[in-house]
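If you read the sequence shown in our numbering, its first letter stands for residue -13, the second for the next number, and so on.
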Amino acid sequence: MKQKILLLVVASVVFLASCSKSKTRPEDEEPVKPPGETKDVLVLQRYEDSSNILEFKYNDKLEVIRINKARKYEGEVIAEHYVTVTNEKGSPVKAELYMGSGSNYTRVLVISFGYDAQERVTKIARVYYNPDGQPNPRSGSFTQFVHYDGPQKVIRMEREDNGKTELELKFDAQGNAREADLKVFANGRDYDITHKAGFDDGANPFAVRRLGWLLYGIDLRDIFAPSQLFSQNNVTSYSRVEVSSLLIPEDPLSNEVIVRSEKNEFTCGYDGLFQLTKLNRTRAELVKYNEKVVEDKTTTNLGRLTWGLKKIPK
-13 MKQKILLLVV ASVVFLASCS KSKTRPEDEE PVKPPGETKD VLVLQRYEDS
37 SNILEFKYND KLEVIRINKA RKYEGEVIAE HYVTVTNEKG SPVKAELYMG
87 SGSNYTRVLV ISFGYDAQER VTKIARVYYN PDGQPNPRSG SFTQFVHYDG
137 PQKVIRMERE DNGKTELELK FDAQGNAREA DLKVFANGRD YDITHKAGFD
187 DGANPFAVRR LGWLLYGIDL RDIFAPSQLF SQNNVTSYSR VEVSSLLIPE
237 DPLSNEVIVR SEKNEFTCGY DGLFQLTKLN RTRAELVKYN EKVVEDKTTT
287 NLGRLTWGLK KIPK
């Protein structure tokens, strides 16, 4: 009898011991941390058209840290330059452009972005450099100042060196740049380029991490329209009218002007992830020279943008 009681006690102790190992007290358990909430974000990975290839590299915060640019020539792809980007608080503060080939690249341009207390871009400074690393003030360095109407609506950008307005935007109630007037001054010629755009209701991925500002700052406006870069929704279509004028070079004393007017109508198509699947351009050009007007009209297929879906913390 005593032996049966002893065996029962031993069995009970073993059972309780096994229970204590398999079921710890709640206060002894480490709290289970809930997974952080994330959201899906589209980031631009690659752009390719008939002449250019751009590739974008990101860090784990989905900030652009490098852009590689190559050009196509007679069936070959030739590396042309790359841009390294420094970010602070999710926004670009400096972009450095290097040109060269192989392993021999030289820094030729630095773009700096200034912000106000509301974290809005208020200044874009471009400084060119000589091969010896010294600034070259004669090579087109300038600073742009950004003016706003409302929290984020850019209305005007002015150049410090000549006070001319280089970009003027007109926004709708949704924060989309329906009209953009871009003026470019280069090699004695003035370009006046007017954009008009249509939009859908989707979020514009160019607004993520100020990608639009970065692309504008490093002067990719021939590829991306201001309406794409500075709007809250996706551009579904836009037109571009370009007018330029230049004094006749053979007769510098002549007051006669060559007037060139170019109108580009773009049709954009997107899939459900805002991946550009179609971009057609109809180009009409009018040139007036010695009272003679020459017209040329063509329709071409343009490039494709490749986007990637990434996750970032909310």
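Even for Gly, the Cβ is constructed at its ideal location relative to N, Cα and C.
Note that the coordinates shown come from a computational prediction; the quantities given were computed from them, not determined experimentally.
Do residue i and residue j have their C-beta atoms closer together than 7 Å?
{"i": "residue 115", "j": "residue 127", "result": "no"}
{"i": "residue 182", "j": "residue 165", "result": "yes"}
{"i": "residue 180", "j": "residue 132", "result": "no"}
{"i": "residue 82", "j": "residue 92", "result": "no"}
{"i": "residue 222", "j": "residue 184", "result": "yes"}
{"i": "residue 195", "j": "residue 62", "result": "no"}
{"i": "residue 44", "j": "residue 68", "result": "no"}
{"i": "residue 163", "j": "residue 213", "result": "yes"}
{"i": "residue 42", "j": "residue 53", "result": "yes"}
{"i": "residue 152", "j": "residue 139", "result": "no"}
Would you identify the three-state DSSP class for residue i, choosing helix, strand or coil?
{"i": "residue 120", "result": "coil"}
{"i": "residue 61", "result": "coil"}
{"i": "residue 127", "result": "coil"}
{"i": "residue 214", "result": "helix"}
{"i": "residue 203", "result": "helix"}
{"i": "residue 198", "result": "helix"}
{"i": "residue 163", "result": "strand"}
{"i": "residue 193", "result": "helix"}
{"i": "residue 145", "result": "strand"}
{"i": "residue 106", "result": "coil"}
{"i": "residue 187", "result": "strand"}
{"i": "residue 139", "result": "coil"}
{"i": "residue 36", "result": "coil"}
{"i": "residue 158", "result": "coil"}
{"i": "residue 43", "result": "strand"}
{"i": "residue 169", "result": "strand"}
{"i": "residue 150", "result": "coil"}
Hey, how far is the Cα of residue i from the Cα of residue j?
{"i": "residue 90", "j": "residue 186", "result": "45 Å"}
{"i": "residue 193", "j": "residue 125", "result": "31 Å"}
{"i": "residue 58", "j": "residue 38", "result": "6 Å"}
{"i": "residue 99", "j": "residue 188", "result": "27 Å"}
{"i": "residue 206", "j": "residue 118", "result": "26 Å"}
{"i": "residue 80", "j": "residue 130", "result": "15 Å"}
{"i": "residue 321", "j": "residue 64", "result": "This structure does not reach residue 321, given that the chain is present from -13 up to 300, and the question cannot be answered."}
{"i": "residue 112", "j": "residue 202", "result": "12 Å"}
{"i": "residue 76", "j": "residue 101", "result": "12 Å"}
{"i": "residue 200", "j": "residue 123", "result": "22 Å"}
{"i": "residue 40", "j": "residue 74", "result": "23 Å"}
{"i": "residue 160", "j": "residue 135", "result": "14 Å"}
{"i": "residue 216", "j": "residue 267", "result": "21 Å"}
{"i": "residue 47", "j": "residue 94", "result": "27 Å"}
{"i": "residue 177", "j": "residue 167", "result": "10 Å"}
{"i": "residue 157", "j": "residue 88", "result": "44 Å"}
{"i": "residue 106", "j": "residue 33", "result": "27 Å"}
Label residue i either buried or exposed according to how many other C-beta atoms from any shown protein chain fall within 10 Å of its C-beta, with 16 as the threshold for buried.
{"i": "residue -10", "result": "Since pLDDT at residue -10 reaches only 41, below the 50 mark, its modelled position is unreliable, and the value read off the structure follows with that caveat. Looking at its Cβ environment, which holds fewer than 16 other Cβ atoms inside 10 Å, residue -10 is exposed."}
{"i": "residue 218", "result": "buried"}
{"i": "residue 110", "result": "buried"}
{"i": "residue 204", "result": "buried"}
{"i": "residue 104", "result": "exposed"}
{"i": "residue -6", "result": "Caution applies to residue -6, whose pLDDT of 33 falls short of 50 and renders its modelled position unreliable; the value that the coordinates give is listed next. So residue -6 counts as exposed."}
{"i": "residue 30", "result": "buried"}
{"i": "residue 191", "result": "buried"}
{"i": "residue 121", "result": "exposed"}
> Can you give, in chain order, each stretch of the beta strand (DSSP E) that sits fully within the region 45 to 96 and has at least 3 residues?
Replying inline: Counting only runs of 3 or more residues that sit fully inside the region 45 to 96, the beta strand (DSSP E) segments are 50 to 59, 62 to 74 and 77 to 87, in chain order.
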